[in-house]
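Q:
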Amino acid sequence: MKIENESKSYDKCILKNISLEIDKGIYRVEGENGSGKSPLLQLLAGLETFDSGLKNCVSKDVLYLDTNQLGVVPFTIEENLQLLCDSFQIHLSFEDKEQINTFFDNKIGDNYMTASTGTKFKLGLSLIFAKNWDYIFIDETLSTVDARSIDMIAKRLISMKESSTIIYVSHNLLNQELISKSQRILIEEGRVYEISNK
Numbered sequence: 348m349k350i351e352n353e354s355k356s357y358d359k360c361i362l363k364n365i366s367l368e369i370d371k372g373i374y375r376v377e378g379e380n381g382s383g384k385s386p387l388l389q390l391l392a393g394l395e396t397f398d399s400g401l402k403n404c405v406s407k408d409v410l411y412l413d414t415n416q417l418g419v420v421p422f423t424i425e426e427n428l429q430l431l432c433d434s435f436q437i438h439l440s441f442e443d444k445e446q447i448n449t450f451f452d453n454k455i456g457d458n459y460m461t462a463s464t465g466t467k468f469k470l471g472l473s474l475i476f477a478k479n480w481d482y483i484f485i486d487e488t489l490s491t492v493d494a495r496s497i498d499m500i501a502k503r504l505i506s507m508k509e510s511s512t513i514i515y516v517s518h519n520l521l522n523q524e525l526i527s528k529s530q531r532i533l534i535e536e537g538r539v540y541e542i543s544n545k
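Here the numbering used here is used: the first residue of the sequence shown is 348, the next is one more, and so on.
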């Protein structure tokens, strides 16, 4: 993924002359509130278009997760997962189903409506286990789930880092192994200042 001197404006300029070259691996985006982290992820995921008209990742397998819940209230967690898999044309193997069931603490048959907030957010995150994505973008979704679930996600993401590009924002991530395997993209006032292994 390569971006050269791209900007994004809404009512004002949010991202200014962004240049990035991102290979396969894991990247965490850091910056103050309002620095442009979420717009950057949306642009890289192809959900928004740069001012120049460039749109990223158009023909790739992309998973984008944020703090919007993906479930439909009248169904169970498992039925919701099947709806999501159908929309992405994913066929879950027996092993995939077992891993996802473990991720949900063997409560995949529970009603989505009565599930906890963290469990509802795990619905989208469970798609990480469902296939090998080209790109995964996670915008603060990791901040909504318990430490055990984050450990499972971290292990899965680390196993994918040679074949996928994973970019995440999380203000309170506690999994040190994932942090240590991540390169840092630092944003300040709409500008990317460094990509490093810090």
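The C-beta atom is built at its ideal place from N, Cα and C for all residues, glycine as well.
Tell me whether F435 sits in a helix, a strand or coil according to DSSP, three-state version.
A: Here F435 sits in coil by DSSP.
Q: Taking C-alpha atoms, which residue in L401, N364, I424, E536 lies nearest to K467?
A: Of the candidates L401, N364, I424, E536, the one whose C-alpha sits nearest the C-alpha of K467 is I424.
Q: Suppose only complete runs of 3+ residues qualify. What are the beta strand (DSSP E) ranges in the region 477-534, listed by chain order?
A: Runs of the beta strand (DSSP E) inside the region 477-534: 482-486, 512-516.
Q: Is it the case that the region 507-526 contacts the region 440-453, given that we only count it when at least three CB pairs across the two stretches are under 8 Å?
A: Contact between the region 440-453 and the region 507-526 is absent, because fewer than three Cβ pairs lie under 8 Å.
Q: Within a Cβ cutoff of 7 Å, which residues of the same chain sit near I369, ignoring the five residues on either side of it in sequence?
A: Answer for I369: M348, T512, listed in chain order.
Q: Taking E351 as the reference, give the member of K402, E379, G383 with the closest Cα.
A: Ranking the options by Cα distance to E351, first place goes to K402.
Q: Apart from the five residues on each side of it in sequence, which residues of its chain come closer than 7 Å, Cβ to Cβ, to G418?
A: Excluding residues within five positions, the ones whose Cβ falls inside 7 Å are N427, Y459, K467, L470.
Q: Please tell me whether S473 and I447 are closer than 7 Å, where the distance is taken between their beta carbons.
A: Taking 7 Å as the Cβ cut-off, S473 and I447 qualify as a contacting pair.
Q: Within this structure, are the beta carbons of L412 and I485 separated by less than 7 Å?
A: The answer is yes: Cβ separation under 7 Å.
Q: For the putative contact between L504 and I373, defined by C-beta atoms under 8 Å, what is the C-beta separation to the nearest angstrom?
A: The Cβ separation is near 6 Å, so the contact holds.
Q: For R495, would you say it is in contact with chain B, using Cβ-to-Cβ distances shorter than 7 Å as the test?
A: No chain B is part of this structure, which consists of one protein chain only.
Q: State buried or exposed for P386, treating a residue as buried only when at least 16 other CB atoms are found within 10 Å of its CB.
A: P386 comes out buried.
Q: If you draw a straight line from the alpha carbon of V492 to that of I500, how long is it in whole angstroms?
A: Roughly 10 Å between the two C-alpha positions.
Q: Do D398 and K355 have their CB atoms nearer than 7 Å?
A: Cβ distance < 7 Å, so D398 and K355 count as in contact.
Q: Could you spell out the range, first to last residue, of the alpha helix (DSSP H) harbouring I447?
A: I447 -> alpha helix (DSSP H) spans 441-450.
Q: How would you label S506, buried or exposed, when you count the other beta carbons within 10 angstroms and need 16 or more for buried?
A: So S506 counts as exposed.
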